[in-house]
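So in my numbering, spot 240 of the sequence shown is number 527, and the numbers just go up one at a time.
Where a beta carbon is used, it is the ideal one built from N, C-alpha and C, also for glycine.
One structure is given below, encoded as structure tokens.
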Amino acid sequence: MLTAEHVKRVAREAGADVVAIGSTDRFEGAPTQMDPRFMLPSARSVVAMAFRHPRGCFRGIEEGTFFTAYSAMGYSSINYIYQPHVLHRVGRLIEDEGYDVLPIPNNFPWNNINVAGWTTPEETARPNPARSRPASPGKPAPDAFIQIRLACFAAGLGEIGYSKIFLTREFGPRQRLAVLLTDAELEPDPLVEPGSICDRCKACARACSGGCFPADRMVRVTVAGRQLEWCDLDMHRCSTYFCGGAPASNPFAVTAEDRTEFGKDVGTAQQHKLKPLYGYSRALEGASGCIRACMMHLEETGRIQSRFNERFRRKPAWRMNLDQA
Ligand code: SF4
Ligand code: SF4
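If you want it as structure tokens, here you go:
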């Protein structure tokens with residue numbers, strides 16, 4: 288007989304770092320467009336998985352000496368290689384017991400962006416009539432959309448921090464997420480109560496190179512009977528700054544032209560200047576606030592379980608001398 292414990296053990300053995308399971312009735316009241324029960328209508332359970340970023344992938348960015356590891360090994364390889372591999376292994380186990388599975392890695396284009404670009408949460412929850420329309424009355428328009436962070440909260444994997452980044456008790460902000468829907472009914476885990484990891488220290492906002500955290504705007508939603516809230520980040524601004532939009536945080540912005548190009552929408556400078564060397568090279572800034580500052584705070588205050596022999600920041604953070612540019 289298939290049990291939650293067996294599914295979690297196989298997922299961990301296959302390479303997931305943290306696994307939790309929730310029941311789909313925790314999505315009661317979700318907007319139709321974001322309800323996973325329209326993606327796999329028989330779904331009874333959501334299996335949520337966290338895949339850690341090795342902390343050392345941030346070390347070169349922290350030192351200002353080696354920038355490609357986070358984009359490559361902390362980011363795209365998790366989305367495009369490890370997650371599909373683990374989801375496939377777990378899916379085979381469940382399917383062999385006669386249940387349907389729908390694996391959802393963090394590389395589906397509709398995860399956090401739609402065809403019109405970055406959207407507000409309200410816009411994300413609404414169909415886009417210029418793109419598609421429901422196949423028949425009572426259905427959402429394709430594509431229905433599962434918000435992976437909310438699904439992982441509903442599964443009991445962790446909570447959403449003030450930074451909007453998902454936090455686990457094991458790694459804080461240092462992971463990427465995937466989910467698998469199935470019609471197998473598996474024993475659900477308890478929720479991680481909001482506020483049990485994030486203490487609203489706002490180190491994330493203070494260290495963000497793009498100033499993407501407005502002081503006066505929050506997003507509030509109710510999931511599984513819990514009120515969740517996080518800062519209403521300027522995601523369009525983040526999409527430029529996490530790719531090196533701030534010259535003081537980007538040693539590759541050498542000329543005035545470079546600075547202009549890195550300050551444009553994501554992709555321009557990376558395509559021309561870095562791609563021939565780095566391939567996938569977007570995340571130059573190394574999430575200075577929402578991952579690195581948060582991780583340091585949670586490690587140093589003992590609010591998460593991950594432990595290292597040496598603290599992450601061992602000298603003052605570097606900044607480029609823009610007078611010498
Ligand atoms: S840095 Fe502080 S406020 Fe920001 S998400 Fe982490 S714990 Fe929460
Ligand atoms: S990725 Fe960087 S720019 Fe974006 S919110 Fe996080 S710290 Fe700010």
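Counterpart residues of Gly-309 in DSSP-defined beta bridges = Your numbering for residue 309 matches position 22 in the sequence shown. For Gly-309, which the question treats as bridged, DSSP gives the partners Val-333.
Exposed or buried, what is His-689 when buried is set at 16 or more other beta-carbons lying within 10 Å of its beta-carbon?
-> Past the boundaries of the shown model lies residue 689; the chain is included only from 288 to 612, so the question cannot be answered.
Starting from the N-terminal side, write out each stretch of the beta strand (DSSP E) that is 3 residues or longer and does not extend beyond the stretch 472-536.
-> The DSSP assignment places complete beta strand (DSSP E) segments of no fewer than 3 residues inside the stretch 472-536 at 505-510 and 513-518, in order along the chain.
Can you tell me whether Asn-596 is buried or exposed, with buried defined as 16 or more other CB within 10 angstroms of its CB?
-> Taking the first residue of the sequence shown as 1, we reach residue 596 at position 309. The residue in question, Asn-596, is exposed, as its Cβ has fewer than 16 Cβ neighbours within 10 Å.
Just how far apart, CA to CA, sit Ser-423 and Val-333?
-> As a working note, residue 423 is residue 136 in the sequence shown. As a working note, residue 333 is residue 46 in the sequence shown. Each residue's alpha carbon lies about 26 angstroms from the other.
Pro-390 - containing beta strand (DSSP E), residue span = What you label residue 390 is simply residue 103 of the sequence shown in a count that begins at 1. Taken as a continuous stretch (DSSP letters only), the beta strand (DSSP E) holding Pro-390 covers 388-391.
Three-state secondary structure (DSSP) of Val-541 = Here residue 541 is taken as the residue at index 254 of the sequence shown, counted from 1. Three-state DSSP puts Val-541 in coil, outside helix and strand.
If you draw a straight line from the alpha carbon of Val-479 to that of Arg-313, how long is it in whole angstroms?
-> For this step, residue 479 is matched to residue 192 along the sequence shown. For this step, residue 313 is matched to residue 26 along the sequence shown. In a straight line, the C-alpha of Val-479 is about 13 angstroms away from that of Arg-313.
Is it true that the stretch 303-320 meets the stretch 417-437, where meeting means three or more beta-carbon pairs spaced less than 8 angstroms apart?
-> yes
Counted within 10 angstroms of its Cβ, other Cβ atoms place Ala-502 as buried (16 or more) or exposed | Here residue 502 is taken as the residue at index 215 of the sequence shown, counted from 1. Classification of Ala-502: exposed, given that the 10 Å Cβ count is below 16.
Do the CB positions of Glu-472 and Ala-291 come within less than 7 angstroms of each other?
-> As a first step, residue 472 must be located in the sequence shown, where it is residue number 185. As a first step, residue 291 must be located in the sequence shown, where it is residue number 4. No; because the gap between Cβ atoms is not below 7 angstroms, this pair is not in contact.
Cα separation between Arg-590 and Ala-543?
-> If you number the sequence shown from 1, residue 590 lands on position 303. If you number the sequence shown from 1, residue 543 lands on position 256. C-alpha separation (whole angstroms): 43 angstroms.
Beta-carbon proximity list for Ala-438, same chain, < 7 angstroms, skipping 5 on both sides | The residue labelled residue 438 in the question sits at position 151 within the sequence shown. Around Ala-438: Pro-323, Val-333, Ala-335 and Val-466.
Give a single yes or no on whether Ala-574 has its beta carbon closer than 6 angstroms to a heavy atom of ligand 2.
-> For the purposes of this step, residue 574 is identified with residue 287 of the sequence shown, where counting begins at 1. The answer is yes for Ala-574.
Could you tell me which residues DSSP puts in a beta bridge with Gly-445?
-> Residue numbering aside, residue 445 sits at position 158 when the sequence shown is read from its first letter. In DSSP, Gly-445 forms no bridge with anything.
When DSSP labels each residue in this structure, what does Leu-693 get in the three-state scheme?
-> Nothing in the structure corresponds to residue 693, since the chain is present only between 288 and 612.
Does the beta-carbon distance from Leu-454 to Pro-481 come in below 7 angstroms?
-> On the sequence shown, residue 454 is found 167 positions in, with the first residue counted as 1. On the sequence shown, residue 481 is found 194 positions in, with the first residue counted as 1. No, they are not a contact pair.
Which stretch, first to last residue, makes up the alpha helix (DSSP H) that contains Leu-380?
-> For this step, residue 380 is matched to residue 93 along the sequence shown. 370-382 is the span of the alpha helix (DSSP H), which, as asked, contains Leu-380.
So, helix, strand or coil for Leu-585, using DSSP?
-> Taking the first residue of the sequence shown as position 1, residue 585 is located at position 298. The answer is helix: DSSP assigns Leu-585 an H, G or I state.
Beta-bridge pairing of Thr-455 - partner residues as DSSP gives them = Stepping through the sequence shown from its first residue, residue 455 is reached at position 168. Gly-459.
Report the residue from Leu-561, Lys-551, Glu-349 and Ser-536 whose alpha carbon sits nearest the alpha carbon of Leu-609.
-> Sequence index remark: in the sequence shown, residue 609 carries index 322 (1-based). Out of Leu-561, Lys-551, Glu-349 and Ser-536, Ser-536 has the C-alpha closest to the C-alpha of Leu-609.
Can you tell me which of the three DSSP states Ala-290 falls into?
-> Against the sequence shown, residue 290 aligns to sequence position 3. First, the residue type needs correcting, since residue 290 is Thr and not Ala in the sequence shown. Thr-290 falls in the coil class under three-state DSSP.
Are the beta-carbon atoms of Gly-443 and Gly-316 separated by less than 7 angstroms?
-> The residue you call residue 443 lines up with position 156 of the sequence shown. The residue you call residue 316 lines up with position 29 of the sequence shown. No, these two residues do not count as a Cβ contact at 7 angstroms.
Excluding the 5 residues preceding and the 5 following Arg-594 in the sequence, name in chain order all residues of the same chain whose CB lies nearer than 6 angstroms to its CB.
-> Position 307 of the sequence shown, counted from the start, is the residue given in the question as residue 594. Taken in chain order, the list of residues that qualify is empty.
What residue ranges within the stretch 336-369 form continuous alpha helix (DSSP H) runs of no fewer than 4 residues, ordered along the chain?
-> 346-350 and 355-358
Keeping to the same chain, check which residues put their C-beta closer than 6 angstroms to that of Ala-441; ignore five residues upstream and five downstream.
-> Along the sequence shown, one-based indexing puts residue 441 at 154. Residues of the same chain with a CB within less than 6 angstroms of the CB of Ala-441, apart from the 5 flanking positions on each side, are Gly-309, Arg-313, Val-510 and Ala-511 in chain order.
Within its chain, find whatever has a CB closer than 7 angstroms to the CB of Arg-420; leave out the 5 residues flanking it on each side and keep chain order.
-> Walking along the sequence shown from the start, residue 420 turns up at place 133. Taken in chain order, the residues that qualify are Ala-428.
With hydrogens ignored, establish whether the beta-carbon of Gly-497 is closer than 6 angstroms to any heavy atom of ligand 2.
-> Locating residue 497 in the sequence shown gives position 210, where the first residue counts as 1. Correct: Gly-497 has its Cβ closer than 6 angstroms to ligand 2.
Does the Cβ of Ser-483 lie closer than 6 angstroms to at least one heavy atom of ligand 1?
-> Position 196 of the sequence shown, counted from the first residue, corresponds to residue 483. Not under cutoff, so the answer is no.
The stretch 350-366 in contact with the stretch 492-507 per 3-pair CB rule at 8 angstroms = no
Hey, Leu-571 and Phe-354 are a contact pair by Cβ (cut 8 angstroms); roughly how many whole angstroms apart?
-> Residue 571 sits at position 284 when you count from the first residue of the sequence shown. Residue 354 sits at position 67 when you count from the first residue of the sequence shown. Leu-571 to Phe-354, Cβ: 6 angstroms. Contact.
Count the other C-beta atoms from every protein chain shown that fall within 10 angstroms of the C-beta of Asp-640, then say buried if there are 16 or more, exposed otherwise.
-> No statement about residue 640 is possible, as the shown extent of the chain runs from 288 to 612 and does not include it.
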